[in-house]
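Scroll down for the structure; my scribbles are underneath it.
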Amino acid sequence: MTEIQPTQFCTIVPPHVLDRLARSQDPALSAPARRTLEADAVQRTRRQLTAVAAPVPAPEATADVDAGADAEGAPECPQRTVHDCRNGTDLPGVVVRAEGDEPVGDATVNRVYSGLGATFELLLKEYGRSSLDGTGLPLNASVHFGDRYGNAFWDGEQMVFGDGDGEIFLDFSIPVDVIAHELAHGLTQHTANLSYYGQPGALNESVSDVMGSLVKQYTLGQSADEADWLIGAGLLAPRVTGVALRSMKAPGTAYDDDVLGRDPQPATMQDYVRTGRDNGGVHINSGIPNHAFYLFATRLGGKAWERAGQVWFDVLTGGELAVDADFARFARLTVSAAAARYGEGAEHEAVVKAWAQVGVETA
Amino acid sequence: MRIQVRRTGGFGGIERFAELDTADRADADELQELARQVLAKGHRTPPVGVPDGFSYQITVEGETVYATDPRLSEKESRLVSVVLKEGAKQT
């Protein structure tokens, strides 16, 4: 985790600890804790008032790009709830840990709770966005879905995690990038709402991998050079020959296994895979924009979520990315976004070169 | 009765295919009845799925129905589970 700053008490420190800190003799400890407690109380009151005044409308699955970054009064604390399906398939299951609750005995629940917090924190602190919809959308997750279910998905409203079969896949809550990947599907749904087929679908997948990797790097405090750029490291059972499910650094090299087959991801347009399966290869061709992001971030150096991540975030939430955007359209928007935010300098040059290296035209 | 299941998509995008012939099995009657019910009530075209959800193609004696996570019926879920776990696999 990153160093604890006063304003992020709410995402990490449970209320009873804040209470103790607020009573501390040391003003460096007591002042921020007291502010957080007061802010929390105000927000709780506001939420209650809102709830009494009118039911909160269900979030629409369309772009709401204006609702985002600096919406007045948008909550600065996550509202997390983790449910347990107890190996059934009825969603969401029973609540096992709600916001502010102590850790429970189930490590899966605690990992998901922390992963949701880390993703919320990155969005808020680095990109100024309160949750997935920009207005503090509560984050819901369900764990232990199904019987040895080897998958995780976003159902349009919440994340769902299976335990894995233990033979090929372990618990899908293990890698924080998988948790953040699923949440990012919610972010995409509330912003560009990229369709889930073909190139826009592969962009949808890639944006989730980018956010997944960024949250992992953010929690580990890693620079672009230090990061492993793997998606799903720690998810494969020991008998599987592989390191992860995808590699943004070297697409196509994450695994090569008798049972699992070989990682089919291309790194460049030259190896683009045309298929009708997997929604037109959304988990396959995402290797191309994934690799472009990796090239962009490592060329810039430093923390990938800062400049490279900001450019991607700007494109996703900027309102110009069409639901049916192809790679070239997305790439051109990243070039404009880099120039708009940082001028015609290193960032602009790095993003143009990154797309050129994977064979996507930006001119 | 020959039952085939092709599962695509999922977080890993890894495809699975398996098939079994009920003739070889002690629970043949039960499985055939289950397959007939799945066929009778199944979608004839692939329903819209969710990001990272699995999609299933269930073929019984050449006739195909489709299903997607997380909205499988209990019967679809049971049939898919038996075929993928106990059927002959092929990738």
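In order, the protein sequences belong to chains A and B. Residue numbers for the first sequence follow the numbering used here, so the first one is 2 and each next one is one higher. Residue numbers for the second sequence follow the numbering used here, so the first one is 321 and each next one is one higher. C-beta atoms are modelled at their ideal positions from N, C-alpha and C, and glycine is treated no differently.
Review point. Going along chain B in order, which residues have a C-beta closer than 8 Å to the C-beta of A332(A)?
Key: Per Cβ cutoff of 8 Å: no residues; A332(A) is ~22 Å from chain B at best.
Review point. With distances taken from CA atoms, which of D178(A), H292(A), W313(A), A142(A) is nearest L236(A)?
Key: D178(A)
Review point. Under the three-state reduction of DSSP, which class applies to H182(A): helix, strand or coil?
Key: helix
Point to revise | Rounded separation between D327(A) and S207(A) - CA only | key: 12 Å
Check your understanding: Does the distance from the CB of G362(B) to the CB of A387(B) come in under 9 Å?
Key -> yes
Exercise for review: Just tell me which of V312(A), A332(A), G344(A) has its CA closest to the CA of E127(A).
Suggested key: V312(A)
Review point. Do you know offhand how far V18(A)'s Cα is from E350(A)'s?
Key: Confidence at V18(A) is low in this model, with a pLDDT of 49, below 50, so the placement of that residue is unreliable and no value is reported for it.
Practice item. Could you spell out the range, first to last residue, of the alpha helix (DSSP H) harbouring R342(A)? Key: 328-343
**Study point:** Outcome for A99(A) when other beta-carbon atoms lying within 10 angstroms are tallied against a minimum of 16
**Key:** exposed
Review point. Taking the alpha-carbon positions, what's the P139(A) to L334(A) distance?
Key: 30 Å
**Study point:** M249(A) - DSSP class collapsed to helix/strand/coil
**Key:** coil
Check your understanding: When the cut-off is 9 Å and only beta carbons count, does I334(B) lie next to chain A?
Key -> yes
Practice item. Report back the beta-carbon spacing between L133(A) and G187(A) to the nearest angstrom; my notes put them in contact at under 8 Å. Key: 4 Å
Practice item. Tell me whether I285(A) counts as near the ligand NAP, meaning its Cβ is closer than 8 Å to at least one heavy atom of that ligand. Key: Of the ligands one can find in the structure shown there are none, so the ligand NAP has no counterpart to examine.
Practice item. Can you give me the start and stop residues for the beta strand (DSSP E) that H84(A) sits inside? Key: 81-85
Exercise for review: Could you tell me how far apart the beta carbons of G151(A) and I169(A) are, in whole angstroms, since I believe they sit closer than 8 Å?
Suggested key: 6 Å
Point to revise | Near-chain A residues of the region 340-373 of chain B - C-beta to any C-beta below 8 Å | key: G369, V370, P371, D372, G373
Check your understanding: In chain A, what lies closer than 9 Å to G407(B) by C-beta?
Key -> Those do not exist, as G407(B) stays about 15 Å from chain A at its closest Cβ, beyond 9 Å.
Review point. For the region 347-406 of chain B, which segments carrying the alpha helix (DSSP H) assignment without a break, of at least 4 residues, lie completely within its bounds, in sequence order?
Key: 348-361, 394-406
Review point. Whose C-alpha, out of E103(A), P93(A), A305(A), G199(A), is nearest the C-alpha of R275(A)?
Key: G199(A)
Practice item. Note down the Cα distance separating G135(A) from F121(A), rounded to an integer number of angstroms. Key: 11 Å
Point to revise | C-beta atoms of D85(A) and V95(A) nearer than 9 Å | key: yes
Practice item. Give a yes or no on whether 9 Å exceeds the smallest Cβ distance from M399(B) to chain A. Key: Met is not the amino acid found at residue 399(B); the sequence shown has Leu there. It does not: the Cβ of L399(B) has no partner Cβ on chain A nearer than 9 Å.
Practice item. Give every residue of the same chain whose Cβ lies closer than 7 Å to the Cβ of T63(A), excluding the five residues on either side of it in the sequence, and list them in chain order. Key: Unreliable positioning characterises T63(A) in this predicted model, as indicated by a pLDDT of 40, which lies under 50. A coordinate reading is not provided.
**Study point:** Between the CA atoms of L399(B) and M2(A) - distance to the nearest angstrom
**Key:** Because the pLDDT at M2(A) is just 42, under 50, the model does not fix this residue reliably, and the point stays unresolved.
**Study point:** Alpha-carbon spacing of T109(A) relative to F162(A), whole angstroms
**Key:** 9 Å
Exercise for review: With distances taken Cα to Cα, identify the nearest neighbour of L124(A) among H145(A), V113(A), V216(A).
Suggested key: V216(A)
Practice item. Kindly say whether G382(B), judged by its beta-carbon, lies nearer than 9 Å to any beta-carbon of chain A. Key: no
Point to revise | Rounded straight-line distance, which links the Cα of A355(B) to that of D229(A) | key: 45 Å
Exercise for review: Report the rounded CA-to-CA distance for G330(B) versus V403(B), giving the unit in angstroms.
Suggested key: 18 Å
Practice item. Return helix, strand or coil for N291(A), following the three-state DSSP convention. Key: helix
Review point. Helix, strand or coil for Y273(A) per DSSP?
Key: coil
Exercise for review: Compute the distance between the beta-carbons of A338(A) and G319(A), then report whether it is under 9 Å.
Suggested key: yes
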